[in-house]
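Start counting the sequence shown at 1; every next residue gets the next number (this note's numbering). Every residue, glycine too, gets a C-beta built ideally from N, C-alpha and C. Shown next, in structure tokens, is the structure this report addresses.
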Amino acid sequence: MNLLFLGDLVGRSGRQAVIDCLPFLKKHARLDGIIVNAENAAGGFGINEAITQELFEAGADVITLGNHAFDQKEALVFIERYPELLRPANYPPGTPGRGNTLVTLHNGKRLLVANIMGRVFMNAMDDPFRTAERIIEECPLRSQADAIVIDFHAEATSEKQAFAHFLDGKVSFVVGTHTHVPTSDYRILSKGTAYISDAGMCGDYDSVLGMDKEEPVQRFLSQIHGARFGAALGEATICGVAVQVDDKTGLSKTIEPLSLFGALQHKWPSFLTGEQEFLASVLN
Ligand SMILES: [Fe+2]
Ligand SMILES: [Fe+2]
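Below, the structure is given as structure tokens:
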């Protein structure tokens, strides 16, 4: 089973590039499941219902969020209507929405996805380690899920690595998000879980973390908050990572990065099909 995860969609640039590309990837790349983190999809801050619908219609199977989950206040209400739109599972009890979902993919396989937030340099969330433990105890790999992907939305690479080792052998893939910077440490851990510290972002990399660069630079220089941050609107890079999951064990065989367009080097995972068709369609 081949799964694709795309890092935080930032603003119109990242969002539209992903919406334009997902139908092609779904059709040509031999992907069984697509997960996107869309916590910055609405102008850089949160997600609204129209964007949620567009991403699902384009081919996303599950959407994850993070610390920006509820920046758009309408999300507090509409999130209840979309079981495949996840906010971090370790928000306090009573928070609207859900943090994990079990979906049946078009190939008939059961995919459990959870969104969990770290605590180091982040909000005071409930314990992410025990939250993950509880979720996979309720829906273990192999007996109840054919693959398990956890989007660990966190700042510190130490916490991300510790979290991944804690879950090694129990889930298919731990993917870090939140920093908006892709890391090159993608690998299979010793007990078979695929891991990357951060999937990066889908957005304009000629920016500061996807935000128009003027205001962040001024804030560092002056220590004064001037204008609001606005999402950068230049050409987006679509950035993420794909894993090949073993159908028998539910663990991962391969993990490779994907990046298309924009500022980063072109990368197409070797086990996905469709690269030549994709390049031809871009050139035309
Ligand atoms: Fe983000
Ligand atoms: Fe975040």
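Legend entry - Buried or exposed by the 16-neighbour rule on C-beta atoms within 10 Å, applied to residue 4: buried
Inset, instruction - Kindly examine ligand 2 and report whether one of its heavy atoms sits closer than 7 angstroms to the Cβ of residue 159. - result: no
Inset, instruction - State the DSSP-derived secondary structure class of residue 231, mapped to helix, strand or coil. - result: strand
Legend entry - Exposure label - residue 187; buried when at least 16 CB within 10 Å: exposed
Legend entry - Any non-hydrogen atom of ligand 1 closer than 7 angstroms to residue 123 Cβ: no
Legend entry - For residue 46 and residue 71, believed in contact at Cβ under 8 angstroms, the rounded distance: 3 angstroms
Legend entry - heavy atom of ligand 2 below 7 angstroms from residue 67 C-beta: yes
Inset, instruction - May I ask you to check if the CB of residue 153 is nearer than 7 angstroms to at least one heavy atom of ligand 2? - result: yes
Inset, instruction - Could you name the residues that DSSP lists as bridge partners for residue 117? - result: DSSP output for residue 117 lists 153 as bridge partner(s).
Legend entry - DSSP beta-bridge partners of residue 267: 259
Legend entry - Check whether residue 104 and residue 98 have beta carbons under 8 angstroms apart: Going by C-beta atoms, residue 104 is not nearer than 8 angstroms to residue 98.
Legend entry - 7 angstroms Cβ shell around residue 30 - same chain, five flanking residues per side excluded: The residues are 2, 272 and 273.
Legend entry - Cβ shell of residue 217 (< 8 angstroms), same chain only, five flanking positions each side left out: 208
Inset, instruction - Please look up how many angstroms separate the CB atoms of residue 210 and residue 235, rounded, as I've assumed it's under 8 angstroms. - result: At roughly 13 angstroms, the Cβ-Cβ gap does not stay under 8 angstroms, so residue 210 and residue 235 are not in contact.
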